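Just below is one structure, and these are the notes that go with it.
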Amino acid sequence: MTAFDVALIVFAVLAGAAGWSQGLVAGASTLVGFVVGAVIGRLAGPPLADLAVEQGIASEAGASGLATLLPLILGIAFACGGGWTGATLKTALGDGLGRVVDAVGGALTGAVAFFLIVWLVAGWVRTTPLVAANEAVAESHIVSLLDRIAPVTSAEAVGAISQALATNGFPQVFAGESERIRSVGEPDPAMIDVGREMEDRTVRVTTTASQCPALQSGSGWVFDDDLVMTNAHVVSGSTGRIVQVGGAGQPYKAELVVLDAARDIAVLRVPGLDAQPLELGDPLAADDDAVVVGYPENGPYTISPARVREAVTAQGLDIYDEDTVLRDVYALRAVVRSGNSGGPLLDDEGRAVGMVFARSGEDPETGYALTLSEMEEALAEGRSAEERVPVGGCTTQ
Numbered sequence: 001m002t003a004f005d006v007a008l009i010v011f012a013v014l015a016g017a018a019g020w021s022q023g024l025v026a027g028a029s030t031l032v033g034f035v036v037g038a039v040i041g042r043l044a045g046p047p048l049a050d051l052a053v054e055q056g057i058a059s060e061a062g063a064s065g066l067a068t069l070l071p072l073i074l075g076i077a078f079a080c081g082g083g084w085t086g087a088t089l090k091t092a093l094g095d096g097l098g099r100v101v102d103a104v105g106g107a108l109t110g111a112v113a114f115f116l117i118v119w120l121v122a123g124w125v126r127t128t129p130l131v132a133a134n135e136a137v138a139e140s141h142i143v144s145l146l147d148r149i150a151p152v153t154s155a156e157a158v159g160a161i162s163q164a165l166a167t168n169g170f171p172q173v174f175a176g177e178s179e180r181i182r183s184v185g186e187p188d189p190a191m192i193d194v195g196r197e198m199e200d201r202t203v204r205v206t207t208t209a210s211q212c213p214a215l216q217s218g219s220g221w222v223f224d225d226d227l228v229m230t231n232a233h234v235v236s237g238s239t240g241r242i243v244q245v246g247g248a249g250q251p252y253k254a255e256l257v258v259l260d261a262a263r264d265i266a267v268l269r270v271p272g273l274d275a276q277p278l279e280l281g282d283p284l285a286a287d288d289d290a291v292v293v294g295y296p297e298n299g300p301y302t303i304s305p306a307r308v309r310e311a312v313t314a315q316g317l318d319i320y321d322e323d324t325v326l327r328d329v330y331a332l333r334a335v336v337r338s339g340n341s342g343g344p345l346l347d348d349e350g351r352a353v354g355m356v357f358a359r360s361g362e363d364p365e366t367g368y369a370l371t372l373s374e375m376e377e378a379l380a381e382g383r384s385a386e387e388r389v390p391v392g393g394c395t396t397q
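Note that this note's numbering numbers the sequence shown so that position 279 is 279, with each residue one more than the last.
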């Protein structure tokens, strides 16, 4: 048991004692207040951070910190307000059995609410570049136990909330024509082992400041020294970006050096990035095995076995839903979720053969990846790029 775990136990006891004194009504009001404040902070953080930078009130780094911490700050503030409201309502209970039930319920609610908040905050920490906090969460036996008890991990829960509040999504793969879902066999579960070996060659991409209504996260992969490829719709409109190898640990600042809004490709230069590049593979054919890896819903590294349905030239729209574009893509039988965007498609030898960029609007087991041939120009541009490029505008999804 770590020192962090001991501190959690002490605070849980104090929360239970406070709940006994406070009562069930006030305790429940406190919990509701925290949730409401956290949601408001998540929505208000990005635009307030951008306004602070525009007005010269804060630096980009300071504004990014504001956006990151605001959900926690407002959550605590609203929790205090909820507790005060609940205490006022408690006076209507009077003395007797009702007061005893309220006290016992308050003690239980206080302890449960404390651990719920710890669980959610742990998930939030996992989506941030706070190295020391990430280490404490990773080593905590209590957080691990809470993740086992809960139906999903805290990182997945926070990621789902974050994505539900986000505004960006996948680009339109097909425009003016319907999808053709070719039937293929189930993906090979053995491909999970292939994906597991490549975790330290992939990155989580997170925008830390943006001119758009919400910050974004997605996936990326290392293709050369200090160079990461991801989707344009992940970073478009962002004025600050970080990448984390394996989705956790040291955050690296990333510079945008290629942005192709038509193909939905972006290249990031990441000085000092400590990660080996993926090897590039050969084109795939229908029924070939593959695997999709990345950080869906801003959660942990996730591996999704895939099978190629077919390789097609798709007529769709650019990331702004403005211009028609032709893309060479793989249609995949695979589970692709928001946040998989920019992650590599790997062959059975762990080589990059494509990049995930969209999922089907009709079939939950169909996703789409750009082929390597579609990315050749961006790969070459990224290797030779010397200057940053404009960040583009906000996407409409």
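Here a beta-carbon is modelled for each residue, glycine too, at the ideal position from N, C-alpha and C. Owing to the predicted nature of the structure, the values given are computational and were not obtained by experimental measurement.
Check                                                                                                                                                                : Outcome
Have a look at the DSSP bridge pairing and note the partners of tryptophan 221.                                                                                      : Thr202, Met229
Can you check the stretch 231-307 for any alpha helix (DSSP H) of at least 4 residues that lies completely inside it and give the ranges in chain order?             : 232-235
Of all the options Val118, Ala103, Ala314, which has the alpha carbon lying nearest to the alpha carbon of valine 137?                                               : Val118
With DSSP as the reference, label arginine 309 as helix, strand or coil.                                                                                             : strand
Name the DSSP bridge partner or partners of threonine 207?                                                                                                           : Arg241
Hey, leucine 256 and valine 39 are a contact pair by Cβ (cut 8 Å); roughly how many whole angstroms apart?                                                           : Rounded, the Cβ-Cβ distance is 30 Å, inconsistent with contact.
If you scan the stretch 339-383 from start to end, which runs of the beta strand (DSSP E) of 3 or more residues do you find wholly inside it?                        : 344-346, 352-359, 366-371
At which residues does the alpha helix (DSSP H) containing arginine 327 begin and terminate?                                                                         : Per DSSP, arginine 327 belongs to no alpha helix (DSSP H); it is in the beta strand (DSSP E), 324-333.
Check the C-beta distance from valine 203 over to valine 245 and give it rounded, since I have them as a contact under 8 Å.                                          : 6 Å
So, do the stretch 292-302 and the stretch 261-275 have three or more beta carbon pairs nearer to each other than 8 Å?                                               : no
Which same chain residues, not among the five before or five after glycine 247, have their C-beta less than 7 Å away from its C-beta?                                : Arg204, Tyr295, Pro300, Tyr301
Taking a contact to mean a Cβ-Cβ separation below 7 Å, would you say methionine 191 touches valine 291 in this structure?                                            : yes
Applying the criterion that 16 or more other CB atoms from any shown protein chain within 10 Å of the CB defines a buried residue, is leucine 146 buried or exposed? : buried
Distance check for aspartate 288 and glutamine 216, CA to CA, integer angstroms please.                                                                              : 32 Å
By the three-class DSSP mapping on this structure, what secondary structure does alanine 107 have?                                                                   : helix
Who are the Cβ neighbours of histidine 141 in its own chain at under 8 Å, not counting the five residues just before and after it?                                   : Met1, Thr2, Asp5
Can you list, in chain order, the residues of its chain whose CB lies under 7 Å from that of glycine 281, leaving out five sequence neighbours each side?            : Asp347, Glu349, Arg351, Ala352, Val353
Compare the C-alpha of glutamate 179 against each of Glu362, Ala275, Ala369 and name the closest.                                                                    : Glu362
Rounded to the nearest angstrom, what separates alanine 133 and serine 183 at their Cα positions?                                                                    : 46 Å
Can you tell me whether glycine 185 is helix, strand or coil according to DSSP?                                                                                      : coil
CB arginine 337 to CB proline 187, shorter than 7 Å?                                                                                                                 : no
Between proline 283 and chain D, is any beta-carbon pair separated by less than 7 Å?                                                                                 : Included in the structure is just one protein chain, with no chain D present.
What does a CB cutoff of less than 6 Å around leucine 259 pick up in its chain, not counting 5 residues either side in sequence?                                     : Ala232, Ala266, Val389, Gly392
Can you tell me whether glutamate 387 is buried or exposed, with buried defined as 16 or more other CB within 10 angstroms of its CB?                                : exposed
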